[in-house]
Amino acid sequence: MTISEELRARVRAKYGNCCSYCQSLQKYILGILEIDHIIPKAAGGNDDEKNLCLACSLCNKYKGIQTHAVNPITQEQVKLFNPHTQKWWEHFAWSENGTEIIGLTDCGSATVIALKLNNKIAVTVRQQWVSAGWHPQRWCVS
């Protein structure tokens, strides 16, 4: 099934034209934010609006078909962050200099690692955003 333009527009509006995972705002990135299946179709997900969010290409690529990841501290499998049912700021925070995402919960820590939210490219770009005064901000609605 193809996701309609109307549904795509509702998802964009719901998530404030912002990556649900790394908080990158559409106007600051190259490329169009992608519609992400929170539970990937390969893992039983569907095209229902409650299973869709926005993701930048890096987050979407690193997430792939994952639904769970290992918490780096407890070494236990935990569900990845679900932007539809969870609040970003309850699971993540910005580092003091605003360039890295810190996991505050088991879910947050596992998601940071699984989606490589602090990969070299992301951190380098965030350094520039901080210098320009664009970052960090709470851009996303979730």
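Oh and the sequence shown: position 105 is 105 in our numbering, straight run, nothing missing. By construction, the Cβ of each residue, glycine as well, lies at the ideal position given by its N, Cα and C atoms.
Using beta-carbon positions only, say whether N51 and H37 come within less than 9 Å of one another. Numbered from 1 along the sequence shown, position 51 holds the residue referred to as residue 51. Numbered from 1 along the sequence shown, position 37 holds the residue referred to as residue 37. Yes, they are a contact pair.
With DSSP run on the structure shown, which of helix, strand or coil describes K87? The residue labelled residue 87 in the question sits at position 87 within the sequence shown. In this structure, K87 counts as coil in the three-state DSSP scheme.
How far does the alpha helix (DSSP H) with E6 in it extend, from its first residue to its last? Along the sequence shown, one-based indexing puts residue 6 at 6. Unbroken alpha helix (DSSP H) run through E6: 5-14.
Are the stretch 61-76 and the stretch 110-118 touching by the rule of at least three beta carbon pairs closer than 8 Å? Flag = yes, the stretch 61-76 and the stretch 110-118 touch.
Return helix, strand or coil for E34, following the three-state DSSP convention. By 1-based counting over the sequence shown, the position of residue 34 is 34. Strand.
Inspect the CB distances between the stretch 85-103 and the stretch 125-135 and report whether three or more fall short of 8 Å. With the cut-off at 8 Å, the stretch 85-103 and the stretch 125-135 touch.
Taking just the CA atoms, how far does E49 sit from T99? As a working mapping, residue 99 is identified with position 99 in the sequence shown. As a working mapping, residue 49 is identified with position 49 in the sequence shown. Roughly 31 Å between the two C-alpha positions.
Can you give the beta carbon distance from W88 to Q26, rounded, assuming they're within the 8 Å contact cut? As a position in the sequence shown, residue 88 is number 88, starting the count at 1. As a position in the sequence shown, residue 26 is number 26, starting the count at 1. Incorrect: roughly 16 Å between the Cβ atoms, too far for contact.
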